[in-house]
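J.: In full-length UniProt numbering, the protein residues as written are 1 to 130.
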Amino acid sequence: MNDPIADMLTRIRNSQMRGKSTVMTPASKLRVWVLDVLADEGYIRGYETMTGADGHPAIEISLKYYEGEPVIRELKRVSKPGRRVYMGSNDIPQVRQGLGVSIVSTSKGVMSDASARSQNIGGEVLCTVF
1 MNDPIADMLT RIRNSQMRGK STVMTPASKL RVWVLDVLAD EGYIRGYETM TGADGHPAIE
61 ISLKYYEGEP VIRELKRVSK PGRRVYMGSN DIPQVRQGLG VSIVSTSKGV MSDASARSQN
121 IGGEVLCTVF
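(1) Between the C-alpha atoms of residue 126 and residue 112, what's the straight-line distance to the nearest angstrom?
(2) Does the distance from the C-beta atom of residue 43 to that of residue 64 stay below 8 Å?
(3) My understanding is that residue 58 touches residue 92, with C-beta atoms under 8 Å, so please give their C-beta distance in whole angstroms.
(4) Tell me whether residue 22 is buried or exposed, calling it buried when 16 or more other Cβ atoms sit within 10 Å of its Cβ.
(5) Look up residue 5 in the DSSP assignment and say whether it is helix, strand or coil.
Here it is, written out as structure tokens:
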């Protein structure tokens, strides 16, 4: 697997289209950091690290729905292995005029676009959520 973040985002999208309440994904530190931002912003209920059926570490993500519709309407990968996207703090895009969130990997950790702007830190824009 070349892009673990894209794999996790695709698993979340597919599970929400099927109306699943949880989804399993292999564990990694970067995935946990991205899930921390999603949980803090209210896009998922939470997550739990555990051991998968194959004995490898895994993460069980609890998805969030509102009136039967998924809370996450759009989940897009911005920076890809073939084309990394780095932006300064002033250039980080607002998603849907501030209704969505860009997840940014900075020198101070993975954080939302609003946190990166307030701390005046730029970095790699991993994905956008709306």
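Even for Gly, the Cβ is constructed at its ideal location relative to N, Cα and C. As the structure is a computational prediction, the values presented were derived from the model and not from experiment.
T.: Taking the coordinates as given:
(1) 10 Å
(2) yes
(3) Not confirmed; about 31 Å, so no contact.
(4) With fewer than 16 other Cβ atoms within 10 Å, it is exposed.
(5) helix
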